[in-house]
Amino acid sequence: MARCGLLAWHRGVLAVLVPHAVARAESLLAQKSVRSVQEWQDSLADETAALRDVSSDVCWQAGFTKEKCCRGDASTAPECWDGSYSFGECCPNADCWVGEFSYDFCCGAKYGPGGNTACWAGSFTHQLCCLANATSNSWADVLASQVETEQFYKMDDFYTDAQYGDEWGYYSKGHVLLGGGKAGQGDTQGTQQFAHFTTYPMALSPHFARVFCRLLFVMWVQLNERAPFRVVEMGAGSGQLAYDTQQCVRTNALGLAPAVWRRWTAAFEYTIMERSPALRKRQQSRGLRSVSGDAQSTASCKSVLAALAASTACQGAEGLDAPECEARDRGTAEAGASVVLSNELLDAFAPVKLRFGLYGKPNITDCGSWQEVRVVHTIPEDRLHQLLMVMGFSEAWTEGTIQQVRSYTESTFCAMANTSIGREAQEKVAVNTSCLAIAFSLSELVNHLDLGIPFASHNMRMRIRKDSKLSDRLRAVTSRLDSELRSSVAMPRDIYRQVRHQLRDLPDVEAEFLHATQTHLLPVSLSEERCDELAWWFDAHEPRIARLALFYRKLGYPAVHVVVRPGEDNFIDLVDCLLGPTGGYKLSLDYGANFEGLVHSLSVDGDNDGIFVPPIPHELMAGLPECHNFWPKCAGRIDWTTFVDFTNLAAAGERRGWRTLFYGPQNLLEQFSRLNLTLHVHQQHRFLFEMLSSTLAQLRAGRTLFPAMPCCKMIGSLVT
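Here my numbering is used: the first residue of the sequence shown is 26, the next is one more, and so on.
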């Protein structure tokens, strides 16, 4: 169940004092983390605690051993193999011997105890190939071993293109706004401005912003009435929160004493950083200050700091005589923001779905133990031909494109179908089954949790050959896919992007394209680039992953599934840059859960990709296919969202020396809203903050003060 979360950060000048009891609790937590990793490592050494290696169970008996039969290739010990058992289904090193790579070439005595170093790369090691004494390659890696997977769409790239891409992004093209696609047009003053959904700032205007306004005032007090007090909102949507918050400050809606309000309004400044051109235009049309920037890129810092340097705080009539506005007390342009806030922004960060196999002896921090899910699009060849002609392409260009995708389909997916894994599958399905159906059916079976699909390639070959339940399911899935894909071709990522580019101004033809296109998910090895990108994540969450892996391994689950948003780390870097050396606060309101809760929701449901399609108003569905059944179906025409991993955000902040002040349900904000803010003297400011500090200390100590609330995105009158 998704929960609303309020995550506030503090860094820099104001240190949060942690009570002794809390410090002790943190020490115990650190000890628990070490124990979790150690327990996981101990379980790997305990054969009775591991998921069963079906090949070892079946093959090694009556004097036949792995050492005798597998230290070589299929011809080394022919007495081990008969019609019942084969080298490929019994030996973990079976995939080592391809082409020029033979046992003699790689493991011959002339190369010494380490073998021929020219043979070793990645998971192909002397330990595995020569001694047959390491975890086998993944069957998914074997399936894709002969093809280039870069033309399989990365999930985060596909998500980003569909949401923010210049050519067909939902937010970039203006589909998010009422009047769909007419960027910046329509009613700019009404509170309901989004076509697909509404948010609390719009639905509860101006009251929702008043809650933020009060909390910003508390932060200003705690920062010793810093002037200028610069607020940066990232991803402000329609700008309703920004508009109402500034109105709250300007009109003294909090009812502050005149002297306090005068200082407060003189120091206050609000700037929006917005990625979507359509939304930025809408914000500016409402008189709001908005600059271009991407919350998932640290490159945005420079432009926002430049906007902050041109501060207008303390320039109004109210601030001319205020002592806080004297130049010597104002700080410098480099001081950056005082508060960076976001509301329902983090859920829009691009996700990557990862799979950690629990068979064998996987290493959590080794990329070779993980796979990521990628996206492949297919379309009937004749429909693609028709649509290209409708788009105005010449017959020659159309035929050339059709030939290109046909060649790509055959070279890529038939290569997959002719690997050792693919050939085993071909033996169990109908003759002349398409290569697409074989490749996609094997990948689809990963999500059939009752089958317990193994990780190791030799185990998978054994299961396909001898497990009737798996082979029956394989036949059923392959038969369905073969019927659906018989005349289809697969579009490489670049062709798909090119077609969507040409459809950007043809919404009706684009809808036909979406009807005709199918989306498939394939697990592949992590690239070196992805591995480097996630290295910090593996290290930061190793204890948590270890606990979860141990839990699911004991239950017999074949893998743990995780969704990571790499942009979260860049986001924290960006905030760190914006706050600058003077420090400040980071406040994010969004819906999500902790690390463990999100992993549980993904691991027990193989079809859950961590991406949610909010309910779609009937009028937006006109001409489109059914968009709810599978999230990629209507890419670019509807909104997507993910559930925020607040644990990961906290880890990213703490890695940079930040402190987490509080994390809790949305109604935590409402507790602050009940405080009397009609202040006359500085001592009352202190009393207010002492109340706040007491509340935060209790939260920090782990006491539950407030109940959880449902998540925060509203659809019409519904809260989802």
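Built from N, CA and C at the ideal position, the CB exists for glycine as well.
Taking the alpha carbon of residue i as the reference point, which residue from the options has its own alpha carbon closest?
i	options	result
V321	G88, R300, A560	For the record, residue 321 in the displayed sequence is Gln; it is not Val. The shortest Cα separation from Q321 among G88, R300, A560 belongs to R300.
H540	G280, S230, H402, S109	H402
D8	Y110, G581, A571	Since the first residue of the chain shown is 26 and the last is 745, residue 8 is not available in this structure.
I389	L531, Y268, D564	D564
P583	D78, Q66, S61	D78
A440	Y128, E553, T185, Q171	Q171
T101	G108, E92, C326	E92
Y655	T544, P640, L693, A455	Before going further, note that residue 655 is Phe rather than Tyr in the sequence given. Measuring from the Cα of F655, the nearest candidate turns out to be T544.
N673	Q691, F576, L686, W562	W562
V329	G312, I641, S363	S363
Y184	L694, T290, D615, T666	T666
E64	R590, A442, Q272, R578	R578
A169	M416, C460, D475	C460
Q272	R235, P479, V256	R235
N472	H586, S68, A647	H586
F233	G260, A278, R255, M244	A278
F177	E397, F149, N692, V456	E397
M487	T90, E114, C105	E114
L229	Q527, A303, T270	T270
S752	K453, S552, G682	Since the first residue of the chain shown is 26 and the last is 745, residue 752 is not available in this structure.
W395	E420, P642, A481, F687	A481
L614	E553, G133, V83, L694	L694
V747	R288, E621, Q86, E554	Outside the displayed span of the chain (26 to 745) sits residue 747, for which this structure offers no information.
S317	K327, S310, R311	K327
Just checking my contact of residue i with residue j at CB under 8 Å: how many whole Å lie between their CB atoms?
i	j	result
F668	L623	6 Å
V549	A165	7 Å
V62	P376	The Cβ separation is near 26 Å, so there is no contact.
D533	Y195	Between Y195 and D533 the Cβ distance is about 17 Å, and since that is not below 8 Å, they are no contact.
E469	V502	6 Å
P591	D182	Not a contact, Cβ separation roughly 11 Å.
R297	E258	The sequence shown places Ile at residue 297, not Arg. That pair is a contact at about 5 Å.
L366	V524	Actually they do not touch by this definition, with Cβ atoms about 39 Å apart.
C602	T323	6 Å
L747	S466	With the chain covering only 26 through 745, there is no way to say anything about residue 747.
K179	R431	24 Å between Cβ atoms; not a contact.
In the DSSP assignment, find the beta strand (DSSP E) that holds residue i and state where it starts and stops.
i	result
T101	No beta strand (DSSP E) holds T101; DSSP gives it neither H nor E.
I404	395-405
Q265	Run containing Q265: none in the beta strand (DSSP E); it sits in the alpha helix (DSSP H), 265-275.
Q543	543-550
K760	Nothing in the structure corresponds to residue 760, since the chain is present only between 26 and 745.
G140	Careful: G140 lies outside any beta strand (DSSP E) and carries neither H nor E.
E258	254-259
V364	364-368
F381	377-382
Could you check where the alpha helix (DSSP H) with residue i kicks off and where it finishes?
i	result
F112	112-115
S148	Note, S148: premise wrong, no alpha helix (DSSP H); not H, not E.
Y688	First-last for Y688: 684-689, but that is the beta strand (DSSP E), not the alpha helix (DSSP H).
S80	79-84
L19	This structure cannot settle anything about residue 19, because the visible part of the chain is limited to 26 through 745.
Y195	No alpha helix (DSSP H) contains Y195, which DSSP labels as neither H nor E.
L674	671-679
H526	518-527
I427	420-442
T290	283-292
T185	180-189
E92	91-95
W164	164-168
Touch check for the stretch 511-525 and the stretch 478-497: three-plus C-beta pairs under 8 Å?
Counting Cβ pairs under 8 Å, fewer than three are found: no touch.
Whole beta strand (DSSP E) runs in the stretch 577-647 with 3 or more residues, listed along the chain?
DSSP runs (the beta strand (DSSP E)) wholly in the stretch 577-647: 584-589, 608-618.
Going residue by residue through the stretch 444-513, where are the continuous beta strand (DSSP E) segments of at least 3 residues, counting only ones entirely within it?
Runs found: none.
Answer yes if the stretch 378-387 comes into contact with the stretch 501-513, meaning at least three C-beta pairs across the two stretches below 8 Å, and no otherwise.
The answer is no - the stretch 378-387 does not touch the stretch 501-513, with fewer than three Cβ pairs under 8 Å.
Can you find at least 3 beta carbon pairs, one from the stretch 138-153 and one from the stretch 434-452, that sit closer than 8 Å?
The stretch 138-153 is not in contact with the stretch 434-452.
Three-pair Cβ contact test at 8 Å for the stretch 630-650 versus the stretch 252-269:
No, the stretch 630-650 is not in contact with the stretch 252-269.
Looking at C-beta atoms only, is the number of pairs between the stretch 423-432 and the stretch 590-599 that lie closer than 8 Å three or more?
Of all C-beta pairs linking the stretch 423-432 to the stretch 590-599, fewer than three are shorter than 8 Å, placing the two stretches out of contact.
Could you check whether the stretch 403-411 touches the stretch 364-380, counting it as contact only if at least three pairs of C-beta atoms, one from each stretch, sit closer than 8 Å?
No: the two stretches stay apart, fewer than three of their Cβ pairs being nearer than 8 Å.
Using a Cβ distance threshold of 8 Å, determine whether the stretch 110-120 contacts the stretch 84-98, with at least three qualifying pairs required.
Contact between the stretch 110-120 and the stretch 84-98 is present, because at least three Cβ pairs lie under 8 Å.
Meets three-Cβ-pair contact criterion under 8 Å: the stretch 154-169 and the stretch 625-633
The stretch 154-169 is not in contact with the stretch 625-633.
Pick out the complete beta strand (DSSP E) segments inside the stretch 294-332, 3 residues or longer, and give them in chain order.
The stretch 294-332 contains these whole beta strand (DSSP E) runs: 315-317.
Inter-stretch contact (C-beta, 8 Å, three-pair minimum) for the stretch 652-663 and the stretch 172-188:
Yes, the stretch 652-663 is in contact with the stretch 172-188.
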